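Working notes for the structure below.
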Amino acid sequence: MTQDSALLQAPETDLRDGSNNRKVFIKTYGCQMNVYDSTRMSDALARDGYEPTENMEEADLVLLNTCHIREKAAEKVYSALGRLRDMKKERNREGREFMIGVAGCVAQAEGEEILRRVPAVDVVIGPQTYHRLPEALRKAKEGQRIVDTEYALEDKFEHLPIAESKKIRSRGVTSFLTVQEGCDKFCTFCVVPYTRGSEVSRPVSQIVEEAQKLVEGGVREITLLGQNVNAWHGVGANGQEWTLGDLLYRLAEIPGLARLRYTTSHPRDMDDRLIEAHRDLRALMPYLHLPVQAGSDRILKAMNRRHTAAEYLMLVERIRTARPDIALSGDFIVGFPGETDQDFEDTLRLVEEVRYAQAFSFKYSTRPGTPGAELKDQVPEEIKAKRLERLQALLLKQQQEFAGSCVGKTIELLLEKPGRMPGQLIGRSPWLQSVNVDAKELQIGDIINVRITGTGTNSLFAEIAEAEV
Ligand code: SAH
Ligand code: SF4
Ligand code: F3S
1 MTQDSALLQA PETDLRDGSN NRKVFIKTYG CQMNVYDSTR MSDALARDGY
51 EPTENMEEAD LVLLNTCHIR EKAAEKVYSA LGRLRDMKKE RNREGREFMI
101 GVAGCVAQAE GEEILRRVPA VDVVIGPQTY HRLPEALRKA KEGQRIVDTE
151 YALEDKFEHL PIAESKKIRS RGVTSFLTVQ EGCDKFCTFC VVPYTRGSEV
201 SRPVSQIVEE AQKLVEGGVR EITLLGQNVN AWHGVGANGQ EWTLGDLLYR
251 LAEIPGLARL RYTTSHPRDM DDRLIEAHRD LRALMPYLHL PVQAGSDRIL
301 KAMNRRHTAA EYLMLVERIR TARPDIALSG DFIVGFPGET DQDFEDTLRL
351 VEEVRYAQAF SFKYSTRPGT PGAELKDQVP EEIKAKRLER LQALLLKQQQ
401 EFAGSCVGKT IELLLEKPGR MPGQLIGRSP WLQSVNVDAK ELQIGDIINV
451 RITGTGTNSL FAEIAEAEV
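Taking our numbering, the leading residue of the sequence shown gets 1, the next gets one more, and so forth.
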């Protein structure tokens with residue numbers, strides 16, 4: 001679309017800032033890191049005159065930020081692309097521009113193949129090169145079709161703009177901040193080391209600066225992200241090598257930053273300093289996502305998790321000793337190749353021992369190119385389905401028990417958004433639960449003391465306990 005036709009179609013738009021009045025619709029699949037990346041891409045595109053829209057119908061550019069973790073996640077992308085191809089035909093008939101971009105882990109894994117399967121796609125861009133997205137779009141507009149899935153030598157974060165305070169404010173009082181990317185662990189079921197590349201940590205100064213800007217923009221809670229967030233390391237202000245625990249101590253000093261979280265952690269990288277941070281830092285929320293995947297040593301070994309069930313349980317105990325009120329969450333895979341009934345019973349037993357507050361569980365999905373795909377003894381679908389059902393019933397029971405144990409307690413709540421009823425607000429407990437409270441006098445961003453009065457399906461109910469803290 002030329003600037004002239006944009007003017008004809010939207011004469012009400014203010015073009016004083018030189019904006020081309022183009023709109024981008026970003027659809028995000030997959031993990032929190034993709035959510036964070038979508039925000040950063042949106043900010044980079046804003047500099048190029050693209051406003052974000054929630055309505056695909058009015059978009060000039062649709063960007064799919066994709067996930068490759070399980071087969072279903074990748075399939076979703078191709079069915080969405082089928083619909084977009086039809087939309088593009090329609091738009092082109094009307095003489096309007098319509099561009100399609102594919103970013104994220106499917107882009108990285110499949111590259112050119114996406115263009116072959118869906119020639120209507122204009123740009124395919126991998127997670128390491130998002131800073132080049134505006135340039136790729138410019139080239140695509142000139143008729144080239146761009147695939148950029150290199151591992152860029154330069155640091156994309158150096159080139160991506162951080163949003164202004166006003167924009168940060170419009171996004172709410174909690175924010176993600178990626179501190180680490182990639183994975184060197186090579187669990188045999190997982191595509192992440194191939195789609196996100198090897199482990200890279202962002203430097204301390206970059207992270208602190210971004211955290212400070214977020215806080216200036218009204219953010220009160222930051223969740224540090226990484227595919228292996230606790231593998232983060234860097235050189236601290238004192239010239240010494242820091243690990244994630246040290247970084248958390250530093251970030252906890254930022255005035256106005258009330259809450260810190262981090263995800264996702266690998267059991268092998270939970271070092272003493274990080275456990276101390278849980279003991280010492282009031283800002284560090286007592287919640288830890290610590291995936292174990294399975295409870296059988298044989299399967300853990302086949303998965304290349306590099307720890308045993310007993311080591312995991314010992315680690316959990318050390319963490320609970322340091323921070324007794326910590327709530328644990330986990331990820332589980334059932335039906336990894338070779339998993340017997342006995343192996344699966346071991347997983348149930350481990351879950352019984354740990355008592356999770358929250359968990360995510362999946363049927364093993366064979367991913368081409370991973371060592372797991374080569375293994376014999378793939379478990380039949382119906383057995384996977386039965387095991388998943390049993391595991392999920394147990395995990396749900398534990399989640400409900402944990403929620404029930406909160407009733408009657410007074411806790412701190414960070415108010416995040418309006419509730420369904422007038423005067424009602426929804427906040428998060430320290431343990432990441434959604435809590436509804438009648439809070440007419442209070443504002444989003446306030447941290448208040450509430451008493452939990454009851455539990456709902458996926459949330460808690462509370463009343464105000466005392467004045468703001
Ligand atoms: N870095 C994190 C997890 C990233 S992927 C970690 O190490 O735990 C998120 C979750 O998806 C994994 O924890 C795992 O439970 C699940 N997952 C990954 N690959 C999978 C596969 N091939 N089939 C089913 N679930 C999978
Ligand atoms: Fe995947 Fe394992 Fe790396 Fe997690 S640690 S991202 S599960 S390879
Ligand atoms: Fe999916 Fe990539 Fe995240 S495969 S889970 S979007 S790292």
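Even for Gly, the Cβ is constructed at its ideal location relative to N, Cα and C.
Since we're looking at a predicted model, the values are computed, not measured.
Mind checking residue i: buried by the 16 CB within 10 Å criterion, or exposed?
i, result
"His159", "exposed"
"Phe186", "exposed"
"Asn34", "buried"
"Thr195", "buried"
"Ala237", "exposed"
"Asn21", "buried"
"Ala109", "buried"
"Asp60", "buried"
"Gly404", "exposed"
"Asn65", "buried"
"Asp17", "Reliability of the predicted coordinates at Asp17 is poor, the pLDDT of 43 falling under 50, and the value obtained from them is presented with this limitation in mind. The residue is exposed, with fewer than 16 neighbouring Cβ atoms inside 10 Å."
"Met421", "exposed"
"Leu396", "exposed"
"Glu150", "exposed"
"Met99", "buried"
"Ala393", "exposed"
"Lys88", "buried"
"Val235", "exposed"
"Ser170", "exposed"
"Ala462", "buried"
"Arg138", "exposed"
"Arg93", "exposed"
"Arg318", "exposed"
Spatial neighbours of residue i within its chain, please: C-beta separation below 7 Å, excluding the five flanking residues on both sides.
i, result
"Ile464", "Val437, Ala439, Ile448 and Val450"
"Arg273", "Thr243, Gly245 and Asp246"
"Pro430", "Met285, Pro286, Tyr287, Ile411 and Glu412"
"Asn458", "Ser434"
"His266", "Lys185, Asn228, Asn230 and Ala231"
"Gly197", "Gln128, Tyr151 and Gly182"
"Asp269", "Asn228, Asn230 and Ala231"
"Lys76", "Tyr29"
"Leu328", "Leu288, Leu290, Val316, Val354, Tyr356 and Ala357"
"Phe344", "Val334 and Arg387"
Specify, as a first and last residue, the run of the beta strand (DSSP E) that residue i falls within.
i, result
"Gly454", "Ile447 to Thr455"
"His266", "It is not in any beta strand (DSSP E) - His266 carries neither H nor E in the DSSP assignment."
"Glu412", "Thr410 to Pro418"
"Val435", "Ser434 to Asp438"
"Val235", "His233 to Val235"
"Val493", "The question about residue 493 has no answer, for the chain in this structure spans 1 to 469."
"Glu463", "Ser459 to Ile464"
"Ala327", "Ala327 to Val334"
"Glu221", "Glu221 to Leu225"
"Gly427", "Gln424 to Arg428"
From what residue to what residue does the alpha helix (DSSP H) around residue i run?
i, result
"Gln358", "That residue, Gln358, is in no alpha helix (DSSP H); its beta strand (DSSP E) goes Gln358 to Lys363."
"His289", "Run containing His289: none in the alpha helix (DSSP H); it sits in the beta strand (DSSP E), Tyr287 to His289."
"Gln212", "Val204 to Glu216"
"Val354", "Asp341 to Val354"
"Arg250", "Leu244 to Leu251"
"Arg70", "Counting along the chain, Arg70 falls outside any alpha helix (DSSP H), and DSSP gives it neither H nor E."
"Ala403", "Glu381 to Cys406"
Spatial neighbours of residue i within its chain, please: CB distance less than 6 Å, with the 5 preceding and 5 following residues excluded, ordered by chain position.
i, result
"Gln433", "Leu460"
"Ala152", "Gln128 and Thr129"
"Glu112", "Val147"
"Asp346", "Gly295 and Ser296"
"Gly30", "Cys67"
"Phe362", "Ile333"
"Gly256", "Val215"
"Ser175", "Leu214, Val219 and Ile222"
"Asp48", "Pro134"
"Gly408", "none"
"Gly217", "Ser165, Ile168 and Arg169"
Starting from the C-beta of residue i, find all residues in its chain whose C-beta is less than 8 Å away, skip the five residues before and the five after it, and write them out in chain order.
i, result
"Gln400", "Thr455"
"Arg70", "Phe362, Ser365 and Arg367"
"Glu57", "none"
"Ile254", "Val208, Ala211, Gln212 and Val215"
"Tyr36", "Phe176, Leu177, Thr178 and Leu225"
Ranges of the alpha helix (DSSP H) found wholly within the stretch 87 to 124, counting only runs of at least 4: Runs found: 104 to 110 and 112 to 117.
Pick out every residue whose C-beta is nearer than 6 Å to a heavy atom of the ligand SF4: which are they, in chain order? Those residues are Cys183, Lys185, Phe186, Cys187, Cys190, Val192, Pro193, Gln227, Asn228 and His266, given in chain order.
Of all the alpha helix (DSSP H) runs that stay within the bounds of the stretch 26 to 67, which reach a length of 4 or more residues? For the stretch 26 to 67, whole alpha helix (DSSP H) runs of length 4 or above, ordered along the chain, are 32 to 47.
What runs of the beta strand (DSSP E), each 3 residues or longer, lie entirely inside the stretch 279 to 325? As for any beta strand (DSSP E) of minimum length 3 sitting wholly inside the stretch 279 to 325, the runs are 287 to 289, ordered along the chain.
If we require 4 or more residues per run, which alpha helix (DSSP H) segments fall completely within the stretch 129 to 173? Within the stretch 129 to 173, the complete alpha helix (DSSP H) runs of at least 4 residues are 133 to 141, 156 to 159 and 165 to 170.
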